[in-house]
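Report on the following structure.
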Amino acid sequence: MKAISSIFSTLIVVMITLSLIVPLYLFFAQSYTNSSIQANSAYNNYLTDINVKISVIYLGNSANTTFVYNYGSVPIIIDKVIVNNVSYNVKYEILTGSLVPLSSIINSNIPVKENSTIILQINGNYYYFNLGSD
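Residue numbers (our numbering): -5 to 128.
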């Protein structure tokens, strides 16, 4: 009788273990997939951020004579421009190798003071530029 009892208990443990294999596999497979997708997304964002190379060229006291130059290997999208403590929400794409006046981006020819700071939000990141002579 004791031998039959140990056989049944072993079978019950084996059945419980086998019944948990499928849910555990599905859980860990989904978890691994989500982790790898997040890692790939973060890596792609990192590569994009590395390839963004932007410069602000200040030639005068207005937005017509202040230029934004994209010398990186990827196009950029400017979402926000902050000049003279005024924020402009824009959606402006600058292709690789393009030189664009600031007035075209913000649709305004405002005065731009020397030694001021221009802040550009590009692809979700903020870039700070100090104008004037160094």
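Quick reminder that beta carbons are idealized off the backbone N, C-alpha and C, glycines included. Everything numeric in this text was worked out from a predicted model, so none of it was measured.
{"Query": "Taking contact to mean 3 or more Cβ pairs, one atom from each stretch, closer than 8 Å, check whether the region 1 to 12 and the region 23 to 32 are in contact.", "Result": "no"}
{"Query": "Could you please give me the residues that DSSP links to Asn83 through a beta bridge?", "Result": "Lys74"}
{"Query": "If you pair each beta-carbon of the region 76 to 83 with each one of the region 39 to 53, do three or more pairs fall below 8 Å?", "Result": "no"}
{"Query": "Would Ser56 and Pro105 be called neighbours here (beta carbons separated by less than 8 Å)?", "Result": "yes"}
{"Query": "Let me check one thing: in DSSP terms, what residues is Phe61 bridge-paired to?", "Result": "Ile51, Pro95"}
{"Query": "Can you check DSSP and say which residues form a bridge with Ile112?", "Result": "Val77, Phe123"}
{"Query": "Can you list, in chain order, the residues of its chain with a C-beta nearer than 6 Å to that of Ser97? Leave out the 5 residues immediately preceding and following it.", "Result": "Ala57, Asn58, Asn103"}
{"Query": "Please classify Phe61 as buried or exposed, where buried requires at least 16 neighbouring CB atoms within 10 angstroms.", "Result": "buried"}
{"Query": "Spatial neighbours of Gln115 within its chain, please: C-beta separation below 6 Å, excluding the five flanking residues on both sides.", "Result": "Asp73, Lys74"}
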